[in-house]
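Quick note on our numbering: the sequence shown kicks off at 11 and runs consecutively. Each remark here refers to the structure printed beneath this line.
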Amino acid sequence: MRRRSIEATIAASDEPQRQLKRTLGAWDLMVLGISVVIGAGIFSKAAQVSATQTGPSVVISFVIAGVVCALAALCYAEFASYMPVAGSAYTFSYASMGELLAWIIGWDLILEMFFAASVVAKAWGLYFDNFLNVFGLGGTDSGGVASGIHNTVHIGGVSFDWGTAILIVVLATLLAVGTKLSTRVTGVLTAIKVAIVLLIIVVGFAFFSASNLSPFVPSPESFGESTTHSTTMTQTLFSWMAGAELSVGGVMGILAGAGTVFFAFIGFDVVATAAEETKNPRRNVPRGILGGLAICTGLYIAVSIALSGMATPQQLRDATPDGGASATIITAFQLQPNAPAWATQVITVGILVGLTTVVMVLMLGLTRIVFAMSRDGLLPRGMSKTSERGTPVMIQVGTAALLVIVTCFFSVDVLGNMVNIGTLSAFVLVSFGIPILRRRQLKAGGGEAHADHFRVPWSPVLPIVSGVLCLWLMLQLDVETWLRFLVWLALGFAIYFGYGYRNSQLGKNPSQLAADYREAMQTAVGVDDDTPRRD
């Protein structure tokens, strides 16, 4: 239960050869947030959930998920304002709730970032094949045999996604060169992606039919017997505990849909992991987090309304071989007989560009989480050394290699809900951590000392509501996901008690940490401006 003070946390970020450069502004952070949030989720989850769980009321599922994320974002913004260092929820938990819970949340964040990057990179490969087909470079011949260029090649009986591997290597190189350069590239790609999302909304409303919105909340029976009879493993945990048979249609379908479409919001917390690389973080981090999330939520609601007006859930199920599980925005456009041929091509390009930025920012967040845990000694300290450009090259190379191995040789599609549960568990601890942080600050005599800190309004009510709602969404995930999550936690406990507990900097050298506290009290005032760090 040992905790690291806020002052010592900030002081640790100035350690020579283990410090990141402050180069990002509020706009850079907003671009990071938009670039990572708008991606696979909106292009696939809206259609999939509409077809299999909610019907047109998928809009309500997006609103619920957006509200939960907004509340959690307020909590992230306050923590990042007090502790503008790398590590996000892991660092925040270390200062408020102690090392063990910090390790758990850091381990869950690794789960979120790594598997999210893997799932999205795998999806990028599938859309890359679609891109090649749409522009006549791939496909199959008249006999059904693959011809032209394909992302997947077979080497000695082993399948390898060469295009995805190149993507990961290129993005890792950009991140190693410097965070500012990678955000500039991300900014250009994000502008293209947002323009295409706006195009989808405009063209989608051109084929909008109000009759497709009725019934707005379909009954469970309208989804057919194949979708309304689930096994114990595929039931939501709440449905299983309550003894309810159905988790599609009606109110239960909307709630379960909110837990699923939450994947579309994955990544906004990555902005908080970049706090240590942000100029004037107390002002810019809250603006970046909240501004980016607001824009994304508005776009999501508009896209889901357009989609619902273009195609009914039954039409989406009939148009896909798996009863709607593989339905996407493209499916809805293909159902329109008068849709322009170029629409599919433009959307395909937009999806490919969108997924590229998502993978890049998730890789950024993953390396910063591992960097923070390594600098604290909970993972090998040697990994946290930074290059002359101020980036953790060793971690970036290592994570890129693991991503290539996992993504390019194995199927990771079934792990999408693992990303949701890892993220939501982080949100829970961050939300409940705000009242604890406030109480510690008041006891230390500094609770109201800094008027420039961002503060969650109506605390502790809103943070507690945020934590409860995140727990509720976790209960909307299936039993199988919960079992996998428990296995992941067990592995994390084994690593912590086998290595992290004994090698923790906080536990090994308390006298040095005390000196850090005193030094931090004299120098921490400089973290709020653009003054260069101490060498």
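Built from N, CA and C at the ideal position, the CB exists for glycine as well.
Contact fails between the region 327 to 340 and the region 106 to 120, because fewer than three Cβ pairs, one in each stretch, are under 8 Å apart.
F419 counts as exposed, since fewer than 16 other C-beta atoms from the protein chains shown sit within 10 angstroms of its C-beta.
At a Cβ-Cβ threshold of 8 Å, V271 and V59 count as neighbours. Between the C-alpha atoms of A321 and Q355 there is a straight-line separation of about 20 Å. D118 carries a helical assignment under DSSP once its states are collapsed to helix, strand and coil. In this structure, the alpha-carbon of D279 lies about 18 Å from that of V475.
L34 and A201 have their alpha carbons spaced roughly 18 Å apart. Residue environment analysis places S394 among the buried positions, since at least 16 neighbouring C-beta atoms fall within 10 angstroms of its C-beta.
In the DSSP assignment, no residue is bridged to H463. Annotation: the continuous beta strand (DSSP E) that includes V163 extends over 162 to 165. Between K55 and A274 the beta-carbon gap is near 5 Å, inside 8 Å, which marks them as a contact.
In this model, F464 and P291 are separated by some 10 Å (Cα to Cα). Taking a C-beta distance under 8 Å as the contact criterion, I339 and I357 qualify as a contact pair. In this structure L496 is exposed. Its beta-carbon is surrounded by fewer than 16 other beta-carbon atoms within 10 angstroms.
By the neighbour-count criterion, in which a residue is buried when 16 or more other Cβ atoms sit within 10 angstroms of its Cβ, A282 is buried.
Put simply, the region 198 to 217 does not touch the region 166 to 178. Fewer than three CB pairs are less than 8 Å apart.
In this chain, D332 is not harboured by any beta strand (DSSP E), its DSSP state being neither H nor E.
Separation of G260 and N427 (C-alpha to C-alpha, rounded to the nearest whole angstrom) is 22 Å. The beta carbons of T246 and G277 sit no closer together than 8 Å. Excluding residues up to 5 positions away in sequence, Y137, F141 lie with their Cβ nearer than 6 Å to the Cβ of L362 in the same chain. For D386, the secondary structure class from DSSP, reduced to helix, strand or coil, is coil.
Beta-bridge partners of D171 (DSSP): T162. Linking V258 to L483 through their CA atoms gives a straight-line distance of about 15 Å. Leaving aside the five residues that flank Y506 on each side, the residues in its chain whose CB is nearer than 6 Å to its CB run, in chain order, W113.
In the structure shown, the three-state DSSP call for D139 is helix.
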